[in-house]
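**Student:**
Chains as they are written, first to last, in my numbering: chain A, 4 to 327; chain B, 46 to 264.
Listed below in structure tokens is the structure:
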């Protein structure tokens, strides 16, 4: 069992998301950086989609009330176990009573804003509609359907497992699979249905300018600041299904990228969609930072998914060598 | 967009969006329900999700060749006939205007109608549930009087309360829980629309019908 010591809000229990409940209006939720969550689970010998704690606000502290193997992935947060500094993206063992401290995300080899605290066996909360992810809007899933609070207690599903198989790690995908344009983190985007209805100038701006992630950005969506995008005519659309990554442009011209807690339907014109393989990159882009968009094709987007899968398979192979 | 033929577009590699030609009358929506039923168990489809005269296919895996899936989708559309779902009639008491309807003035300004005329036009029809979306338990309804249509807001509101009755473009609906919205809220109701412990978890589903009963009008 672990106990949340921090008063800071917004940490949530997430897995890879809730699929198959869209017909009831239930969005996917899930980790903003699915690759970090899957990697942390791989390191511990968990199912890739086991639940973990997503931490977006720092510092963050938990106390282990029993011996437990764990890994912290995502942002490099100058993590300590009691006073001992820990390597990021590495497996460790905590003894009962030890306190895990996550400090501020470091501006080192990779810049990220969310950390994942993964526990042996995964965080043991009940699956609701097929997932352990927190559905904040519907107030269900995760831990009591809400963000974690000071004093909350969570259980690792298999605390005793893998305690002798620690002391190895992975090179983070931000380092192994970098994607930048002119030194700025970039995401590939597939044009969407209304792309052609934006002016030539706005389409040019979309691909060539930097987009700032505003303070009004969270797990629901990222509101971007830049030159406003203009459509050639007012577009009033019928409501339709959308997915995380879809970039909607309300008539004010400021794009909103749908993120993991986004609603599963929308009606604003869509200029494009950040491809599934790059959504983790955006999920790790801090408020105030800038990103670029790269135009891509279906074939390239599918190849990018394959590349991510290969990276995870190779990570699993390396971890299995360590664990065997 | 060609108004005669369906349009198919991609939402990244996660989903396809099929948009049918024509209006949003019930008969058109019944054909969308039929298409959802016909394609929902295809191996590459995780879930077929009806919208307003459109259908999103959430993909279980991104196919290597998109063209083949698109062709089969078009063929399926040509083959299906309207599917009339028979559901329940649910009555919702609504307080129009006042604190629970903060954007009534915007609808008045846009339509040129009085508050009473808007309430009359909004509460007269029987609204068939076309689709669920937006948030858990939320229903998209057909049948709104086009004379009270009002564009979505330029900047979405960060939070409107559960039970908010609102208009977005030519559509109307009721929020099932607190959250952000780009629609114009004209009134409020109290009703529990979603319970994850129930099966199905949503109170309403496509084929059900809603009637808004005027409980009070705050002018």
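Here a beta-carbon is modelled for each residue, glycine too, at the ideal position from N, C-alpha and C.
Measure the alpha-carbon distance for residue 35 of chain B versus residue 207 of chain B and round it to whole angstroms.
**Tutor:** For residue 35 of chain B there is no data in the structure shown, the boundaries of chain B being 46 and 264.
**Student:** Can you name the residues that DSSP bridges to residue 317 of chain A?
**Tutor:** Looking up residue 317 of chain A in the first chain gives position 314. Paired residue(s): none; residue 317 of chain A is not in a bridge.
**Student:** For residue 82 of chain B, would you say it is in contact with chain A, using Cβ-to-Cβ distances shorter than 8 Å as the test?
**Tutor:** In the second chain, residue 82 of chain B corresponds to position 37, counting from 1. With 8 Å as the cut-off, residue 82 of chain B does not count as an interface residue toward chain A.
**Student:** So for residue 296 of chain A, helix, strand or coil by DSSP?
**Tutor:** Along the first chain, read from residue 1 onward, the residue named residue 296 of chain A stands at position 293. Note: residue 296 of chain A maps to strand in three-state DSSP.
**Student:** Smallest Cα separation from residue 228 of chain B: which of B:260, B:165 and B:205?
**Tutor:** Working through the second chain from its first residue, we reach residue 228 of chain B at position 183. For residue 228 of chain B, the nearest C-alpha among the options comes from B:205.
**Student:** Determine the DSSP secondary structure at residue 114 of chain B, reduced to helix, strand or coil.
**Tutor:** Here the question's residue 114 of chain B lines up with position 69 in the second chain. Helix at residue 114 of chain B.
**Student:** In the stretch 138-151 of chain A, which residues sit with their C-beta less than 8 Å from some C-beta in chain B, listed in chain order?
**Tutor:** Hits within the stretch, in order: 138, 140, 141, 142, 143 and 144.
**Student:** Between residue 72 of chain A and residue 156 of chain A, how many whole angstroms is the CB-CB distance? I'm expecting something under 8 Å.
**Tutor:** Along the first chain, read from residue 1 onward, the residue named residue 72 of chain A stands at position 69. Along the first chain, read from residue 1 onward, the residue named residue 156 of chain A stands at position 153. Actually they do not touch by this definition, with Cβ atoms about 18 Å apart.
**Student:** Please classify residue 49 of chain A: is it buried, with 16 or more other beta-carbons within 10 angstroms of its beta-carbon, or exposed?
**Tutor:** Your numbering for residue 49 of chain A matches position 46 in the first chain. Classification of residue 49 of chain A: buried, given that the 10 Å Cβ count is 16 or more.
**Student:** Rounded to the nearest angstrom, what separates residue 295 of chain A and residue 55 of chain B at their Cα positions?
**Tutor:** Translated into the one-based positions of the first chain, residue 295 of chain A becomes position 292. Translated into the one-based positions of the second chain, residue 55 of chain B becomes position 10. Approximately 21 Å between the Cα atoms of the pair.
**Student:** What does residue 183 of chain B reach in chain A if we use C-beta pairs closer than 7 Å?
**Tutor:** Here the question's residue 183 of chain B lines up with position 138 in the second chain. The answer, in chain order, is 28.
**Student:** Residues of chain B with CB under 9 Å from residue 253 of chain A, in chain order?
**Tutor:** The sequence position of residue 253 of chain A within the first chain is 250, counting from 1. In chain order: 197, 198, 199, 200, 201 and 227.
**Student:** Report yes or no: is there a C-beta of chain B within less than 8 Å of the C-beta of residue 303 of chain A?
**Tutor:** Your numbering for residue 303 of chain A matches position 300 in the first chain. No, residue 303 of chain A does not count as interfacial toward chain B.
**Student:** Would you kindly work out how many angstroms separate the C-alpha atoms of residue 167 of chain A and residue 175 of chain B, rounded to a whole number?
**Tutor:** By one-based count along the first chain, residue 167 of chain A stands at place 164. By one-based count along the second chain, residue 175 of chain B stands at place 130. Taking the straight line joining both Cα atoms gives about 55 Å.
**Student:** List, from N- to C-terminal side, the beta strand (DSSP E) runs of 3 residues or more that fit wholly inside the stretch 183-251 of chain A.
**Tutor:** Counting whole runs of 3 or more residues, the stretch 183-251 of chain A contains the beta strand (DSSP E) stretches 187-194, 214-220, 224-228 and 249-251.
**Student:** What is the DSSP secondary structure of residue 56 of chain B, reduced to helix, strand or coil?
**Tutor:** Locating residue 56 of chain B in the second chain gives position 11, counting from the first residue. Three-state DSSP puts residue 56 of chain B in a strand.
**Student:** Suppose only complete runs of 3+ residues qualify. What are the beta strand (DSSP E) ranges in the stretch 4-89 of chain A, listed by chain order?
**Tutor:** DSSP runs (the beta strand (DSSP E)) wholly in the stretch 4-89 of chain A: 5-7, 15-17, 55-58, 63-67 and 71-77.
**Student:** Which chain B residues are close to residue 246 of chain A, counting only those with a beta carbon under 9 Å from its beta carbon?
**Tutor:** Start at 1 with the first residue of the first chain, and residue 246 of chain A comes out as number 243. Near residue 246 of chain A (Cβ distances below 9 Å), the residues of chain B are 56, 57, 59, 60, 101 and 103.
**Student:** Please decide whether residue 228 of chain A counts as near chain B, where near means a Cβ-Cβ distance under 8 Å.
**Tutor:** What you label residue 228 of chain A is simply residue 225 of the first chain in a count that begins at 1. Closer than 8 Å: no.
**Student:** Is it true that the CB of residue 135 of chain A sits closer than 8 Å to the CB of residue 144 of chain A?
**Tutor:** Taking the first residue of the first chain as 1, we reach residue 144 of chain A at position 141. Taking the first residue of the first chain as 1, we reach residue 135 of chain A at position 132. A contact, by the Cβ cut-off of 8 Å.
**Student:** At what residues does the beta strand (DSSP E) containing residue 193 of chain B begin and finish?
**Tutor:** Position 148 of the second chain, counted from the start, is the residue given in the question as residue 193 of chain B. Per DSSP, residue 193 of chain B belongs to no beta strand (DSSP E) and is neither H nor E.
**Student:** Which of the residues in the stretch 227-245 of chain B, read from start to end, lie with their CB under 8 Å from any CB of chain A?
**Tutor:** If the cut-off is 8 Å between Cβ atoms, the stretch 227-245 of chain B has 227, 239, 241 and 245 near chain A.
**Student:** Are the stretch 274-291 of chain A and the stretch 240-248 of chain A in contact at 8 Å, needing three or more beta carbon pairs?
**Tutor:** They touch, by the three-pair rule.
**Student:** In chain order, what residues of the stretch 145-178 of chain B put their CB closer than 8 Å to some CB of chain A?
**Tutor:** Cβ contacts with chain A come from 176, 177 and 178.
**Student:** If you measure from the beta carbon of residue 319 of chain A to each beta carbon in chain B, is any gap under 8 Å?
**Tutor:** Taking the first chain and counting its residues from 1, the one referred to as residue 319 of chain A is at position 316. By this cut-off, residue 319 of chain A is not an interface position.
**Student:** Among A:84, A:86 and A:18, whose alpha-carbon lies nearest the alpha-carbon of residue 57 of chain A?
**Tutor:** In the first chain, counting from the first residue as 1, residue 57 of chain A sits at position 54. Minimum Cα distance to residue 57 of chain A is reached at A:18.
**Student:** Skipping 5 residues on each side, what residues in its chain have a beta carbon closer than 8 Å to that of residue 121 of chain B?
**Tutor:** The count along the second chain starts at 1 and reaches residue 121 of chain B at position 76. Excluding positions up to five away in sequence, the list reads 80, 83 and 84.
**Student:** Between the beta-carbon of residue 145 of chain B and the beta-carbon of residue 232 of chain B, is there less than 8 Å?
**Tutor:** Residue numbering aside, residue 145 of chain B sits at position 100 when the second chain is read from its first letter. Residue numbering aside, residue 232 of chain B sits at position 187 when the second chain is read from its first letter. Yes, the pair counts as a contact, with Cβ atoms nearer than the cut-off.
**Student:** Does residue 123 of chain B pass the burial test, meaning 16 or more other C-beta atoms within 10 Å, or should it be called exposed?
**Tutor:** Looking up residue 123 of chain B in the second chain gives position 78. Flag for residue 123 of chain B reads exposed.
**Student:** State yes or no: is the beta carbon of residue 92 of chain B nearer than 8 Å to at least one beta carbon in chain A?
**Tutor:** Here residue 92 of chain B refers to the residue found at position 47 of the second chain. Output row for residue 92 of chain B: interface = yes.
**Student:** Identify, in the order they occur along the chain, each residue of the same chain with its Cβ nearer than 8 Å to the Cβ of residue 243 of chain A, setting aside the five sequence neighbours on each side.
**Tutor:** To locate residue 243 of chain A, count along the first chain from 1; it is residue 240. Result list for residue 243 of chain A: 268, 269 and 270, in chain order.
**Student:** Name, please, each residue of chain A whose Cβ falls closer than 9 Å to the Cβ of residue 119 of chain B.
**Tutor:** The sequence position of residue 119 of chain B within the second chain is 74, counting from 1. Under the 9 Å cutoff, chain A gives no residues; its nearest Cβ is about 16 Å from residue 119 of chain B.
**Student:** With distances taken between CB atoms, is the gap from residue 44 of chain A to residue 121 of chain A smaller than 8 Å?
**Tutor:** Along the first chain, one-based indexing puts residue 44 of chain A at 41. Along the first chain, one-based indexing puts residue 121 of chain A at 118. It is a contact, given that the beta carbons lie within the stated cut-off.
**Student:** At a Cβ threshold of 8 Å, is residue 131 of chain A touching chain B?
**Tutor:** As a first step, residue 131 of chain A is located in the first chain; it is residue number 128 there, counting from the start. So yes, residue 131 of chain A belongs to the interface.
**Student:** DSSP puts residue 116 of chain A in a beta bridge; with which residues?
**Tutor:** Counting from one through the first chain, the residue named residue 116 of chain A turns up at place 113. Residue 116 of chain A is not bridged to any residue.
**Student:** Run down chain B in chain order and give the residues with a C-beta less than 8 Å from the C-beta of residue 242 of chain A.
**Tutor:** Residue 242 of chain A sits at position 239 when you count from the first residue of the first chain. Within 8 Å Cβ-Cβ: 96, 97, 176, 178, 179, 185, 213 and 216.
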